[in-house]
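Residue numbers (my numbering): 195 to 505. Each residue gets a CB set at the ideal place from its N, CA and C atoms; glycine is no exception. Please read all numbers here as calculations on a predicted model, not as lab measurements. Everything on this sheet refers to the single structure shown next.
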């Protein structure tokens, strides 16, 4: 059976993608992690390899060895805020790492379908739902790195079909607590255990509005794109609904088992925080029949229970 490759498989979206792929007849699944310290999962169902995407020769050798028919390129620097302080590392991982992967596929003359997760932050900010044909004017280094990934896709070679998923904000269990929703959920769980006193959370900008999707719906969109998408497809992966970050925090706090207060810390604001990011999901719905299935309240319940279950 054909081989499926997942890069960044030990990460947030990558691990949820493995959940989905191993639940069906995906054939052999090869999962890449950057170092042996990245914890593997799905023992027996997945073959783990340690491959650093910044090691050009190592990537070429690994691709020539496994010759994947499908590639989910989930590896990358994912945090928008950190990109302002770690611009060089963000570009190295997202741009050079993607170039090494696509170049290796081309050199090995592999026939493959490749999914590159991009970001809503490639768009020029707007006060309405964003569509795929809107201007691409990133407002920060993370968005620039994701747009560069998209541009590399056009040089993947004649045997490689590349689909680009412009993913809007997604969250869920296993997400790095440096991200807002996951960090809040972990803090609530810690406060419930008595690990933090007084029970007050310092937060950043709560006025922004974001289009939020459960990560499990997001990776389901990725599989639909690989299975049924067309070469060159660029599709928004989003709900089409924006929620104020303040309302998101209030929903989480309402689930807490103890009283919790909130204080705003302006030091937590990003250098350039777009007031509204919401997408139009019409294209992916019409082409592939995808729409989010997991309600926001269930996603918040699952996220909070995940952190409550952690030691």
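Legend entry - Three-state secondary structure assigned by DSSP to residue 439: Residue 439 falls in the helix class under three-state DSSP.
Inset, instruction - Determine the extent of the alpha helix (DSSP H) in which residue 210 is found, giving its start and end residues. - result: That run of the alpha helix (DSSP H) goes 206-216.
Legend entry - For residue 267, the three-state DSSP class (helix, strand or coil): In the structure shown, residue 267 falls within a strand segment according to DSSP collapsed to helix, strand and coil.
Inset, instruction - Could you check if residue 369 is buried or exposed, using at least 16 other CB atoms within 10 Å of its CB as the buried criterion? - result: Residue 369 should be labelled buried.
Legend entry - Where residue 413 sits in the DSSP three-state scheme: Note: residue 413 maps to helix in three-state DSSP.
Inset, instruction - Please work out which residues of its chain come closer than 8 Å, Cβ to Cβ, to residue 208, disregarding the five sequence neighbours upstream and downstream, and give them in chain order. - result: Sequence-distant partners of residue 208 (beyond 5 residues in either direction) whose C-beta falls short of 8 Å from its own C-beta, in its chain, are 200, 201, 202, 225, 266, 268 and 269.
Inset, instruction - Mind reading off the beta-carbon distance from residue 299 to residue 351? Whole number of angstroms is fine, and I expect it under 8 Å. - result: So it is a contact: roughly 7 Å between Cβ atoms.
Legend entry - Nearest-angstrom Cα separation, counted from residue 223 out to residue 337: Their backbone Cα atoms lie some 30 Å apart in a straight line.
Inset, instruction - Decide if the segment 388-397 is in contact with the segment 230-249; the criterion is three or more beta carbon pairs, one per stretch, under 8 Å apart. - result: No contact exists between the segment 388-397 and the segment 230-249.
Inset, instruction - Taking the CB atoms as reference points, tell me whether residue 397 and residue 459 lie closer together than 8 Å. - result: Yes, the pair counts as a contact, with Cβ atoms nearer than the cut-off.
Inset, instruction - Given a cut-off of 8 Å, decide if residue 476 and residue 319 are closer than it, judged by their beta-carbon atoms. - result: Going by C-beta atoms, residue 319 is not nearer than 8 Å to residue 476.
Inset, instruction - Identify which residue in 314, 258, 323 and 295 has its Cα closest to the Cα of residue 308. - result: Residue 295 is the option with its Cα nearest to residue 308.
Legend entry - residue 359, DSSP secondary structure in three states: Residue state, collapsed to three classes: strand.
Inset, instruction - Give the range of the alpha helix (DSSP H) segment to which residue 382 is assigned. - result: First-last of the alpha helix (DSSP H) with residue 382: 374-386.
Legend entry - Residues that DSSP places opposite residue 311 in a beta bridge: The beta-bridge partner set that DSSP reports for residue 311 consists of 359.
Legend entry - Neighbourhood of residue 425 by C-beta distance below 7 Å, restricted to the same chain and skipping five residues each side: Only 355 and 356 meet the Cβ criterion.
Inset, instruction - State buried or exposed for residue 289, treating a residue as buried only when at least 16 other CB atoms are found within 10 Å of its CB. - result: Buried, because 16 or more other Cβ atoms sit within 10 Å of the Cβ of residue 289.
Inset, instruction - Starting from residue 197, trace the beta strand (DSSP E) both ways and give me its first and last residue. - result: Taken as a continuous stretch (DSSP letters only), the beta strand (DSSP E) holding residue 197 covers 197-201.
Legend entry - Bridge-paired residues (DSSP) for residue 471: 404, per the DSSP bridge assignment.
Legend entry - Beta-carbon gap between residue 440 and residue 401 smaller than 8 Å: Cβ distance < 8 Å, so residue 440 and residue 401 count as in contact.
Inset, instruction - Ignore the nearest five residues each way along the sequence and tell me which others in residue 484's own chain have a CB closer than 6 Å to its CB. - result: Hits under 6 Å: 415, 418 and 478.
Inset, instruction - Report yes if the CB atom of residue 215 is closer than 8 Å to the CB atom of residue 198, and no otherwise. - result: If you check the CB distance, residue 215 and residue 198 come in under 8 Å.
Legend entry - Pick from 412, 500 and 454 that is closest to residue 210, judged by C-alpha positions: Checking every option, the nearest Cα to that of residue 210 belongs to 412.
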